Structure formats: structure tokens, C-alpha cells
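Residue numbers (this note's numbering): 51 to 175.
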């Protein structure tokens with residue numbers, strides 16, 4: 051899977067993509083594995099490689115969403131400051147599933163280092 055082909059990474063500096071690729075870890079899950087549940091610590095963002103994830107949202111009634119498209123990103127709560135998965139449900143593997151996991155704490159360090167580097171460049175000009 052190529053990061054620059056995923057919408058989230060389009061237009062991002064090559065150096066950041068290269069560093070992000072270095073922290074990506076391929077994860078394999080079995081059918082019926084729970085990848086996350088509401089209230090879990092949200093420290094990972096996932097990119098679907100293959101398989102089917104059932105996202106269950108409960109808000110009075112239960113709604114199921116099926117994520118099947120390679121490149122689909124899930125675990126968005128990890129990008130928020132709450133530190134917890136906020137979806138009022140869970141992410142359950144409907145099939146065996148392969149995903150790329152990005153530790154958002156490491157990703158934040160990459161972004162901060164790049165921002166500091168950009169500031170240095172601006173101050174010098």
C-alpha cells in the first residue's frame with residue numbers, strides 16, 4: 051500500500067510520508083476480533099489493507115457499517131485530543147483482516163519535528 055495514494059496523506063511533504071512509513075506496522079486480525087470499543091484508549095489510526103470491518107454504532111438503535119475498501123481509514127478518534135475511542139460502539143472484524151497501524155503518539159512527534167523545522171526555516175529567511 052502506498053501512503054501518497056491515501057486521501058489523508060495527499061499533499062503531505064515527502065519527508066513526513068517517509069517517516070510515517072517507518073512507524074507503520076502491519077497487523078493481522080482474525081474474524082470476530084474486536085479492534086476497538088468505545089472507551090478504549092485511542093492511540094492508533096488504522097488503514098484497511100484487506101478484509102471487512104464491521105463498525106457498530108449504538109445510539110438508541112444499533113447501526114452497522116461495513117468497511118471493505120482498501121485504503122479506508124478507521125480509528126479516527128485517535129486523532130482527537132480525548133484519548134479515547136468516541137464511537138458509541140465497536141470495530142469488529144467480519145472476516146480475517148489486515149490493516150496498517152499508525153501509533154498516533156509517534157505520528158505526533160513526526161508532525162511536531164516538522165513544524166519546528168518549518169519554523170526554523172521561516173526564521174532564517
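From the three backbone atoms N, C-alpha and C, an ideal C-beta is built for every residue, glycine too. Just so you know, these numbers come straight off a predicted model, no measurement behind them.
Cβ neighbour criterion (16 or more within 10 Å) applied to residue i
| i | result |
| --- | --- |
| residue 64 | exposed |
| residue 152 | buried |
| residue 115 | exposed |
Beta-bridge pairing of residue i - partner residues as DSSP gives them
| i | result |
| --- | --- |
| residue 109 | 111 |
| residue 103 | 117 and 143 |
| residue 150 | 76 and 97 |
| residue 86 | 141 |
| residue 124 | 96 |
Alpha helix (DSSP H) segment containing residue i, residue limits
| i | result |
| --- | --- |
| residue 68 | 64-73 |
Exercise. For the 8 Å Cβ check, are there 3 or more pairs between the stretch 104-114 and the stretch 138-150?
Worked result: With the cut-off at 8 Å, the stretch 104-114 and the stretch 138-150 touch.
Q. Is the number of C-beta pairs between the stretch 86-99 and the stretch 112-128 that are closer than 8 Å three or more?
A. Yes, since at least three Cβ pairs between the stretch 86-99 and the stretch 112-128 fall closer than 8 Å, the two stretches touch.
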